[in-house]
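J.: Sending over a structure as structure tokens; questions will come in a sec.
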Amino acid sequence: MNKLYFGDNLEILRELDNERVHLICTDPPFNSGRDYNAFIGDSLAQKKAFTDTWTWDTAAQDTRADIEHRAYTSDTYKALDNCLKGYDLVLQNAVSGSKAAMRAYLAFMGPRLAEMHRVLAPTGSVYLHCDPTANHYLKGVMDALFGEENFRNEIVWGYKGPSSAKRWFPRKHDIILFYAKTVSAFFNPDGARVPYTRVTRTGGSSLARGSRTREEVKALEAAYTERGKLVEDYWVDIPGPGHMPKRERLGYPTQKPLALYERMIKASSNEGDIVLDPFCGCGTTIDAAHTLKRQWMGIDITILALDPMRQRLADRHGLQPSIDYQIEGYPTNMQEVRRLLKEGDKRKYHDFSNWAVTRLGLRPTKDVGDGGLDGVGHVTLWNPQQMKETNARILTKVKTGKPTITQVRAFCHVMDQHNAEVGIFITIEPVSAKMRQEAENMGSFEHNQKTYPRLQFWQIDDAYFNNPDSINTLVRLPDAWRIRPTQKSERHFENRQMQLLRA
Ligand SMILES: C[S@@+](CC[C@H](N)C(=O)[O-])C[C@H]1O[C@@H](n2cnc3c(N)ncnc32)[C@H](O)[C@@H]1O
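Structure (structure tokens):
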């Protein structure tokens, strides 16, 4: 069952059976008006992981038309359509500015929430993470889809952190809307009890003395202390994004703390239940669900979430793709690569390019094909005679059609322009002898007393899919050379290693 899907969650949710899932915990874009970069460091590699800016464009209008169409045959979509039409009035049918952005955002969220409602089992619940930008609108949509009688909590997750607010109080909380599918939804608040910090006999706690004797209260205190305390609908004991434990941080934008999602899963599901996160990012819900012995399904549109998620499943749970869980939505053999590219879907092509670039450990550039390059990264070259290290830039270009000599020359030019020491030209089709000659003309670089060609070709083929770990031999790179992201901390780490070696 455990499965990760890469693609648009609307399409994937629509393929799931009715009432299949026991719990949904999800953290979609909030209509923050921001775009989130996946990586920091090299300005060439500021690839957007996902955008959270919304405009009333043809996509939003088409979605609304589709909702209206579905409303003829579906009560759920009818309720959604009515709700969004009401909001159109509130938002003055705006087609530009922040009101239009809200309309577009709700057009995006509406059908996804409708499908989440459909796939939930009658005993299931949903926790929808949002913030004060849109929570009031989303609550209306949720009331329309789930019924206001199934509203359970508006959980406030409060946290600390710096703020530059001048005209309002610092905004330091998120909202989690908790809805049940039906009155018989499973809920076990005992599963999410937390340790008492202090128990009193008067006021505030369930241990208020009332008419109890001192001894009775003492006995109760002992029992309650052991069980822990029920959590209320305001959660201030889980540190916010800026204070997440270091060991948890994966560098994925908007990553949430595990403790938050563990609490929801403990309270609203049993071991063995299926937990779904259709906006799973780097997999916080998935990690929490696995820890708590639930089955899980995660969906994310960006392939850039795949590597941090795969890494965390391997590091924390020893899980390997294809063995312990399935991944759908990115190629696992050449047949799938060719099929994907044949579809001619621009977004899928971009996904493929990003996927190929990240196989090398490089970071995708802002836009695919941006200035003649698709990926960038850095490595440390080591000259043992001179006891000297240099920080070298590596660039890559992905070419899915038949490569031409002109393209290879253009890439050589891009390498020179960006002072790149190493270039990797990725192809699906074979490269000609002339192209290889052109690459030889680019010369070589040295690392640890060995010489490597500066410009190399990587033709993706079944040899790679049969053994993805062989990448450093398929491309002639030094053994154990990990092309690394360019975060300052990593560079510092590498330098420290060198200093230690020299010492
Ligand atoms: C706020 S982040 C989730 C972060 C996550 N809770 C974590 O801890 O890593 C929202 C995620 O939704 C994904 N997303 C946005 N639109 C999507 C869509 N249509 N289908 C699937 N995923 C989508 C983004 O790529 C992003 O990773």
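For the sequence shown, the positions run 1 to 503 when the numbering used here is used.
Quick reminder that beta carbons are idealized off the backbone N, C-alpha and C, glycines included.
1. Tell me which residues share the same chain as Ala60 and place their Cβ nearer than 8 Å to its Cβ, disregarding the 5 neighbours each side in the sequence.
2. Does the distance from the CB of Arg542 to the CB of Asn419 come in under 8 Å?
3. Could you check the C-alpha separation between Arg198 and Tyr330 for me, to the nearest Å?
4. Check each candidate in Ala356, Tyr252, Gln335, Trp382 and name the one with the smallest Cα separation from Asp35.
5. My understanding is that Trp157 touches Ile238, with C-beta atoms under 8 Å, so please give their C-beta distance in whole angstroms.
6. Quick test of your reading: Cys280 and Ile299, contact by CB under 8 Å. State the CB separation rounded to the nearest angstrom.
7. Considering only the alpha carbon of each residue, which of Lys218, Gln449, Glu446, Pro453 lies closest to Ile424?
8. Threshold first: 3 residues or longer. Then list the beta strand (DSSP E) segments lying entirely within the segment 291-368, N to C.
9. Using C-beta distances below 8 Å, list every residue in its chain close to Met498, excluding the 5 sequence neighbours before and after it, in chain order.
10. Does DSSP put Tyr514 in a helix, a strand or coil?
11. Keeping to the same chain, check which residues put their C-beta closer than 7 Å to that of Lys78; ignore five residues upstream and five downstream.
12. Measuring from the CB of Thr254, is there a heavy atom of ligand 1 at a distance below 7 Å?
13. Can you tell me where the beta strand (DSSP E) with Asn135 in it begins and where it stops?
14. Under the DSSP definition of a beta bridge, which residues are partnered with Trp458?
15. For the pair the segment 315-327 and the segment 21-32, tell me if three or more CB-CB distances fall below 8 Å.
16. According to DSSP, which residues form a beta bridge with Leu250?
17. Would you list, in sequence order, the uninterrupted beta strand (DSSP E) runs of no fewer than 3 residues that lie entirely inside the segment 62-149?
18. Say the cut is 7 Å; is the CB of Thr302 nearer than that to a heavy atom of ligand 1?
19. Determine the direct distance from the alpha carbon of Asp345 to that of Glu68, and round the result to whole angstroms.
20. Tell me whether Asp345 counts as near ligand 1, meaning its Cβ is closer than 7 Å to at least one heavy atom of that ligand.
21. Rounding to the nearest angstrom, what Cα-Cα distance links Arg112 and Met142 in this structure?
22. Can you name, in chain order, every residue of its own chain whose Cβ lies under 8 Å from the Cβ of Pro384, other than the five neighbours on each side?
23. Scan the segment 209-240 and note each continuous alpha helix (DSSP H) run of 4 residues or more that stays entirely inside, going in chain order.
24. Can you confirm whether the segment 158-172 touches the segment 213-228 when touching is taken to mean that 3 or more C-beta pairs between the two stretches lie within less than 8 Å?
25. Please find out if some non-hydrogen atom of ligand 1 comes closer than 7 Å to the beta-carbon of Ile299.
26. Check whether the segment 86-99 and the segment 126-135 touch, using three or more Cβ-Cβ pairs below 8 Å as the test.
27. In whole angstroms, what is the alpha-carbon distance linking Tyr349 and Val357?
28. Under three-state DSSP, which class holds Cys506?
29. Measure the alpha-carbon distance for Trp536 versus Thr51 and round it to whole angstroms.
30. Is it right to say Ser268 is buried, meaning 16 or more other beta carbons lie within 10 angstroms of its own, or is it exposed?
31. Along the beta strand (DSSP E) that carries Tyr196, what are the first and last residues, could you check?
32. Whose C-alpha, out of Asp8, Glu446, Ser32, is nearest the C-alpha of Thr254?
33. Is the beta carbon of Cys282 within less than 7 Å of some heavy atom of ligand 2?
34. At what residues does the beta strand (DSSP E) containing Arg393 begin and finish?
35. Taking the C-alpha atoms as reference points, what is the distance between Pro28 and Phe187?
36. At a cut-off of 7 Å, would you count Leu23 as near ligand 1, judging by its Cβ distance to the nearest heavy atom?
T.: Reading it off the structure:
1. Correct list, in chain order: Trp54, Arg103, Ala104, Ala107, Phe108.
2. Here the chain covers residues 1 to 503 and nothing more, so residue 542 does not appear.
3. For Arg198, the predicted structure reports a pLDDT of 45, less than 50, and the residue's modelled location is therefore unreliable. A value from the coordinates is still provided. Approximately 51 Å, taken between the alpha carbons.
4. Nearest C-alpha to Asp35: Tyr252.
5. Yes, they are in contact, since the Cβ atoms of Trp157 and Ile238 sit about 7 Å apart, within 8 Å.
6. Their Cβ separation, rounded to whole angstroms, is 6 Å, which keeps Cys280 and Ile299 in contact under 8 Å.
7. Ile424 has its Cα closest to that of Pro453, out of Lys218, Gln449, Glu446, Pro453.
8. Taking only runs of at least 3 residues, the beta strand (DSSP E) segments lying wholly in the segment 291-368 are 295-300, 326-328.
9. With a pLDDT of 36 at Met498, under the threshold of 50, the predicted position of this residue should be treated as unreliable, though the coordinate-derived value follows. Around Met498: Thr380, Trp382, Glu389.
10. Here the chain comprises residues numbered 1 to 503, so residue 514 is not present and cannot be evaluated.
11. The answer, listed in chain order, is Ala71.
12. Taken from the Cβ of Thr254, at least one heavy atom of ligand 1 lies inside 7 Å.
13. Per DSSP, Asn135 belongs to no beta strand (DSSP E); it is in the alpha helix (DSSP H), 135-146.
14. Its beta-bridge partners are Ile426.
15. Taking one beta carbon from each stretch, the segment 315-327 and the segment 21-32 have fewer than 3 pairs nearer than 8 Å; the two do not touch.
16. Note: Leu250 is not bridge-paired with any residue in the DSSP secondary-structure output.
17. Fully contained in the segment 62-149 are the following beta strand (DSSP E) runs of length 3 or more, in chain order: 120-130.
18. Yes, ligand 1 has a heavy atom inside 7 Å of this Cβ.
19. For Glu68 and Asp345, the distance between alpha carbons rounds to 26 Å.
20. Checking every heavy atom of ligand 1 against the Cβ of Asp345, none is found closer than 7 Å.
21. A straight line joining the alpha-carbon of Arg112 with that of Met142 spans about 11 Å.
22. If you ignore the 5 residues before and after Pro384, its C-beta comes within less than 8 Å of the C-beta of Asn448, Gln449, all in its own chain and listed in chain order.
23. Note on the segment 209-240: whole alpha helix (DSSP H) runs with a minimum of 4 residues are 214-227, in chain order.
24. Because the criterion of three Cβ pairs below 8 Å is not met, the segment 213-228 and the segment 158-172 do not touch.
25. The beta carbon of Ile299 sits closer than 7 Å to at least one heavy atom of ligand 1.
26. They do not touch, by the three-pair rule.
27. Taking C-alpha positions only, Tyr349 is separated from Val357 by approximately 12 Å.
28. No answer is possible for residue 506: it lies beyond the span of the chain, which begins at 1 and ends at 503.
29. One cannot answer for residue 536 here, as it falls past the ends of the chain, which runs 1 to 503.
30. The residue in question, Ser268, is buried, as its Cβ has 16 or more Cβ neighbours within 10 Å.
31. That residue, Tyr196, is in no beta strand (DSSP E); it is neither H nor E in DSSP.
32. Taking only the C-alpha atoms, the option nearest Thr254 is Ser32.
33. The model on display carries ligand 1 but not ligand 2.
34. Taken as a continuous stretch (DSSP letters only), the beta strand (DSSP E) holding Arg393 covers 388-399.
35. CA-CA distance, Pro28 to Phe187, rounds to 23 Å.
36. No; taking the cut-off as 7 Å, the Cβ of Leu23 has no heavy atom of ligand 1 nearer than that.
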